[in-house]
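Trainee: Structure below; questions to follow.
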Amino acid sequence: MVIFLVGISGAYTIIHLYDLNRIIDSIIKSDLRAIQLGENALDDLYSMTAAEDKYLVSGDQDYYRQLNEIKKTFNDRVGELEKIADAGAKVQLLTEIKRAANVYYGLIERRDPFIMDNDSGDGDYHNYTADRSRITREIDDHLHKFIKLSVEDRDRKLTQSNKLSTQASFVFNISQSAAIVFVMFITFINARKINMPIKLLGERTKEVAEGKITEPLNIKSPPEIKALADSFNTMCEQLVEADQMKTDYISHLSHELRTPLTVIKEASNMLQAGIFAHAPAKQEELFSLVKTECDRLISTVSRLLDFSQMEAGNMYFSFQPAKLTPLLEKSIAKLSPLIQKQAVKVGVNVPEDVPLLKIDKDRIEQVFENLLSNALKYTPEGGNIAISAKMGGGNSVEVSVSDNGVGIPKERLVQVFDKFKRVDDGRSAVMGTGLGLSIVKHIVNAHGGRVWVKSKVGEGSTFTFSLPVS
Ligand code: ADP
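In numbering that gives the first Met the number 0, the protein residues as written are 0 to 469.
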């Protein structure tokens, strides 16, 4: 709009300046010149009559020559005036001047100076002077009229040029002022459109920092600020979600820790009170219960420690060539009391030719234990667990842990590897921290591999991870 406004006013001013230039040019070349030539012609006329008088009185040929020179100059000036005359009235006057001048020249040519002297009382002389003064007055009148017309033309053109320049400067000033007002208006509107939402965002951010999260921001503003507001809303939603998750998780973890502690406390009370003093088998059972619950507590606390290490970026790895089968066997042996207790069959199918892997043995053992203990947790008594390995793409080995347990709903599959995420569909009775799989993912990724799951509710789950060949 501003460019358009300035462009239009510029074009208008240029056209006016062009007209102004044309008028001034015409004043200088035509009117001023005509006035000057007219005045010079008048002077010529007076000089001509003076020279004529001198010639007629003295009969001196020098005066006659002078008279002829002035006549030529006069004729030249009239000729030039004819060229620049720009109106019919002026042309007509010049024709009249030329005609009268010719009459005047004829009069001079017909008069003999010496006869005039000898014949001073002659009536011819009086007639001559009367004719001459009539004709020169006629030329004089015409020349004055011509000069007057030129002066009028000049004044008219000057008034016109004055009007043009006033108009041009008026339009220019108005358009410039309009452009400035327009720019200021647009700037103000734009600044307001940007400032208001930023101010609002600033206030809401302050509120969020103080822990007050209210309804989402609905900002109608430029796309960039709107995108910022949308990100802010998403951040608030995530904060609310994280807050809720924290509350839920603390309550879950308290339960996770309190259950074994309660069991340990009850069992030690019973032992201390000597309730089973005469039943050593029962006592043995209570001791083994205390040990199991202690193991569970240690495992929970270890997971929490692993997780805090992982989050702080302090989980270190020492990669070395290692065989897969001994690690698997070690993990199965560790969990064998649980396997036996649940009467679960564990089948291992690892081909002989599986190459050496480049791994951190302790951490991979941890991965096996997590996956195996999950399979045991979520598989009912008498179920089946299968561990297998095969060569995968990109020089890696793929290891799978399958069970025919409860399975995982399809919509929760992507979440199980997220920290604190547990599938809570009536199986909350099963203890867990919701950290095991996120630790598994972190360890496998640190080895340059990846982990994924396939599962069907009621049919079982298969967790697979890849490890690099040494
Ligand atoms: P948790 O300590 O709760 O087991 P994990 O991170 O190990 O935490 O597992 C996350 C969730 O994934 C579990 O709460 C569980 O619902 C689901 N899950 C893991 N492994 C299995 C499995 N083998 N069968 C069915 N569900 C499983």
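Backbone N, C-alpha and C fix where the C-beta goes; we use that ideal spot for every residue, glycine too.
Grouping DSSP H, G and I as helix and E and B as strand, with all else coil, what is E265?
Mentor: Helix, per DSSP.
Trainee: Do the CB positions of G433 and R449 come within less than 9 angstroms of each other?
Mentor: Not closer than 9 angstroms, so no.
Trainee: Take every Cβ of the segment 296-313, pair it with every Cβ of the segment 327-344, and state whether three or more of those distances are shorter than 8 angstroms.
Mentor: The segment 296-313 vs the segment 327-344: no contact.
Trainee: Please confirm whether I341 and T378 have their CB atoms less than 9 angstroms apart.
Mentor: Sequence check: residue 341 is Gln here, not Ile. Cβ distance < 9 angstroms, so Q341 and T378 count as in contact.
Trainee: Smallest Cα separation from V349: which of Q339, Y248 and M390?
Mentor: Here the closest residue by C-alpha is M390.
Trainee: Assign D305 to one of two classes, buried (16 or more other C-beta atoms within 10 Å of its C-beta) or exposed (fewer than that).
Mentor: Label assigned to D305: buried.
Trainee: Do you know offhand how far A178's Cα is from F171's?
Mentor: Their backbone Cα atoms lie some 10 angstroms apart in a straight line.
Trainee: Taking the C-alpha atoms as reference points, what is the distance between A10 and D18?
Mentor: Straight-line Cα distance between these residues: approximately 12 angstroms.
Trainee: Give the C-beta separation of V77 and I96 to the nearest angstrom, bearing in mind that I take them to be a contact with Cβ-Cβ under 8 angstroms.
Mentor: Right, their Cβ atoms sit about 6 angstroms apart.
Trainee: Among the candidates R203, V102 and G392, whose CA atom is the shortest distance from the CA of P215?
Mentor: Here the closest residue by C-alpha is R203.
Trainee: Between which two residues does the alpha helix (DSSP H) carrying Q339 extend?
Mentor: Per DSSP, Q339 belongs to the alpha helix (DSSP H) from S335 to K340.
Trainee: Using only the heavy atoms of the ligand ADP, determine whether one of them is closer than 8 angstroms to the beta carbon of G459.
Mentor: Because some heavy atom of the ligand ADP lies under 8 angstroms away, the Cβ of G459 counts as near it: yes.
Trainee: Return yes when at least one heavy atom of the ligand ADP lies under 8 angstroms from the C-beta of I218, else no.
Mentor: No, since every heavy atom of the ligand ADP falls outside the 8 angstroms radius drawn around the Cβ of I218.
Trainee: Kindly indicate which residue of L371, M430 and S469 has the alpha-carbon position closest to the one of T461.
Mentor: For T461, the nearest C-alpha among the options comes from L371.
Trainee: Hey, would you say the C-beta of K376 is under 8 angstroms away from at least one heavy atom of the ligand ADP?
Mentor: Flag set: Cβ of K376 near the ligand ADP.
Trainee: From the DSSP output, in three-state form, read off M0 for me.
Mentor: Coil.
Trainee: Can you tell me the Cβ-Cβ gap for K198 and S220, rounded? I've got them flagged as a contact below 8 angstroms.
Mentor: That pair is no contact at about 11 angstroms.
Trainee: Would you check if the segment 255-274 and the segment 282-298 touch, i.e. whether three or more CB-CB distances between them fall below 8 angstroms?
Mentor: Touching, yes.
Trainee: Under the rule that 16 or more other beta-carbon atoms within 10 Å means buried, what is L238, buried or exposed?
Mentor: With fewer than 16 other Cβ atoms within 10 Å, it is exposed.
Trainee: Taking 9 angstroms as the CB-CB cut-off, is K192 touching chain D?
Mentor: Among the protein chains of the structure shown there is no chain D, as only one such chain exists.
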